[in-house]
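*Asks:*
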Amino acid sequence: MDMTENLRPSGAHSTDQDPTSYPYASPSAYDGTAYNSAAGGYPPPPAYAPTTGRRKAKRPVALLAAVAIAAGVIGGGTATLVGQLNGQDSAATGSGGAVNGTTVSQSSKGTVAGVAEAVSPAIVEIGAASSAGKSTGSGVVITEDGEIVTNNHVISGAQQIQVTLSTGKTYTADVVGTDPDKDLALIKLRDASGLKTATLGDSSKVKVGEEVVAIGSPEGLTGTVTSGIVSALDRDVTVAKDDSGSSGQGQGQGQDRQGGGEEWPFEFGGQQFNGDTGEETTTYKALQTDASLNPGNSGGALINMDGEIIGINSAMYAPSSSAAGSGSSAGSVGLGFAIPVNTLKADLDTLRAGNGS
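Residue 281 in the numbering used here is what sits at position 120 of the sequence shown, and the numbering runs on without skipping anything.
1) By DSSP, does residue 361 sit in helix, in strand, or in coil?
2) Report the rounded CA-to-CA distance for residue 385 versus residue 372, giving the unit in angstroms.
3) Compare the beta carbon distance of residue 443 and residue 502 with 8 Å and say whether it is the shorter of the two.
4) Please report the residue range of the beta strand (DSSP E) in which residue 396 lies.
5) Assign residue 504 to one of three DSSP states: helix, strand, or coil.
6) State the Cα-Cα distance for the pair residue 434 and residue 328, rounded to the nearest angstrom.
7) Hey, out of 286, 320, 351, 340, whose CA is closest to residue 305's CA?
8) Pull up the distance between the alpha-carbon of residue 302 and that of residue 469, whole angstroms please.
9) From residue 317 to residue 458, what distance separates their C-alpha atoms?
10) For the region 378–393 against the region 283–298, do three or more pairs of beta-carbon atoms, one drawn from each stretch, fall closer than 8 Å, so that the two count as touching?
11) Is residue 474 helix, strand or coil by DSSP?
12) What does the alpha-carbon distance come out to for the pair residue 426 and residue 512?
13) Taking the straight line between their C-alpha atoms, what separation do you get for residue 448 and residue 322?
14) Can you grab the Cα-Cα spacing for the pair residue 460 / residue 454, in whole Å?
15) Determine whether the beta carbon atoms of residue 370 and residue 336 lie at a separation below 8 Å.
16) Give me the residue from 341, 464, 440, 309 with the minimum Cα distance to residue 451.
17) Run the CB neighbour count on residue 393, radius 10 Å, all protein chains shown included, and call it buried at 16 or more, exposed below.
18) CB-CB under 6 Å to residue 374, same chain, minus the five flanking residues each way: which ones, in chain order?
19) What are the residues that DSSP puts in a beta bridge with residue 349?
20) Could you give the distance in angstroms between the alpha-carbon of residue 472 and the alpha-carbon of residue 343?
21) So residue 310 and residue 345 are in contact, right, with Cβ under 8 Å, and what is the actual spacing, rounded?
22) Contact check, residue 299 vs residue 377 under 8 Å by CB: the rounded distance?
23) So is residue 324 buried or exposed if we call it buried at 16+ other beta carbons inside 10 Å?
24) Please return the same chain residues whose Cβ sits closer than 7 Å to the Cβ of residue 238, not counting the five positions on each side in sequence.
25) Does the beta-carbon of residue 398 have 16 or more other beta-carbons within 10 angstroms, so that it is buried, or is it exposed?
26) For chain D, check one thing: does any of its Cβ atoms lie closer than 8 Å to the Cβ of residue 349?
27) Give me, in chain order, the residues of the same chain whose beta-carbon lies closer than 7 Å to that of residue 515; leave out the 5 immediate sequence neighbours on both sides.
28) I'd like the list of long-range same chain contacts for residue 326, defined as Cβ closer than 6 Å, with 5 residues on each side in sequence excluded.
29) For residue 444, list the residues DSSP reports as bridge partners.
30) Please go through the same chain and pick out, in chain order, the residues whose beta-carbon is closer than 6 Å to the beta-carbon of residue 354, but skip the five residues on each side of it.
Written out as structure tokens, the structure reads:
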């Protein structure tokens with residue numbers, strides 16, 4: 162039935178009705194003139210026509226039906242309103258609710274901004290000082306009392322370690338355990354509590370083409386966020402175990418030593434990049450990403466769009482610009498590598514025990 166028929170006033174009838182069957186010719190309620198009973202016209206309803214209980218029942222139903230039709234066209238938001246008008250509870254989660262297993266809010270899920278807002282508080286800047294100079298790297302907070310995961314090459318040989326949170330607060334840290342063969346290290350802040358922690362994901366589920374976010378402190382720029390995709394899986398990357406590399410750089414791609422400036426050297430496909438890795442090296446299978454990584458990103462997080470850590474950034478390719486007369490190296494060209502988080506999870510107990518391979 163046409164919805165408009167339900168809304169027709171009780172005195173209205175279709176045009177094929179014989180108008181002579183209505184003998185009255187009451188004055189119009191609008192212009193005060195007598196009703197013109199020419200064929201095809203409608204007689205006006207009485208000005209004082211009583212409102213029946215039946216019309217009261219119909220109008221809300223018709224109105225709600227109209228709203229329901231509009232909801233079908235406009236989408237889910239209006240549909241929720243219709244459910245409320247009907248007295249039904251909505252099963253949908255609120256816009257501020259947390260996604261299960263992640264720290265990204267429902268309203269921000271799948272966005273770089275949402276991931277950055279949720280995970281940045283758990284990413285720190287690490288300053289390491291040794292006899293060779295000062296250096297900068299990144300780390301990931303995994304416990305509220307200050308356990309932080311980073312690369313071994315970030316803190317190798319350090320005599321003092323200072324950690325700066327995203328809030329600007331600074332702590333002194335001690336080395337708990339290192340694993341040079343996996344280029345992983347665990348440090349612990351002194352007298353820390355109530356820290357924001359990161360969620361460790363599952364790197365076995367990572368797919369090529371998946372969007373990712375990298376957070377770290379490149380060149381000492383704390384909390385820098387970049388994004389990209391996973392470019393490849395299981396890349397065999399070879400890096401120096403410690404500061405024995407002959408490049409003179411020392412502790413790594415993640416470092417920015419005073420008087421240095423060269424990136425962390427590594428080998429891939431039988432070729433060397435960013436300098437000589439030295440005699441003591443280790444090889445691991447890495448996630449490759451085109452998210453921009455620069456010196457200082459080492460030890461920081463590679464994150465999926467649910468806000469879960471899927472890798473620890475560890476190496477990057479930086480083509481030399483010496484041909485142009487500069488002794489420094491160019492920035493990121495979208496060839497970065499991260500240690501899969503499942504490698505870290507399998508090694509965590511060993512690191513906590515203060516042992517390493």
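All C-beta atoms in this analysis are idealised placements derived from N, C-alpha and C, irrespective of residue type, glycine included.
*Replies:* Straight from the coordinates:
1) strand
2) 17 Å
3) no
4) 385–401
5) helix
6) 35 Å
7) Comparing C-alpha distances from residue 305 to each of 286, 320, 351, 340 shows the shortest one belongs to 351.
8) 13 Å
9) Rounded to the nearest angstrom, the two C-alpha atoms are 16 Å apart.
10) A contact exists between the region 378–393 and the region 283–298.
11) strand
12) 24 Å
13) Computed Cα separation, rounded: 28 Å.
14) 11 Å
15) no
16) 464
17) exposed
18) 273, 276, 388, 464
19) 308, 335
20) Take the alpha-carbon of residue 472 and the one of residue 343: they are about 12 Å apart.
21) Taking 8 Å as the upper bound for CB-CB distance, residue 310 and residue 345 are in contact here, some 7 Å apart.
22) 4 Å between Cβ atoms; contact.
23) buried
24) Note that residue 238 has pLDDT 38, beneath the 50 cutoff, so the model's placement of it is unreliable and no number is given.
25) buried
26) Protein chain content of the structure displayed is limited to a single chain, and chain D is not contained in it.
27) 337, 338
28) Listed in chain order, the non-local C-beta contacts of residue 326 below 6 Å within the same chain comprise 285, local neighbours out to five positions each way being set aside.
29) Note: residue 444 sits in a beta bridge opposite 399.
30) 306
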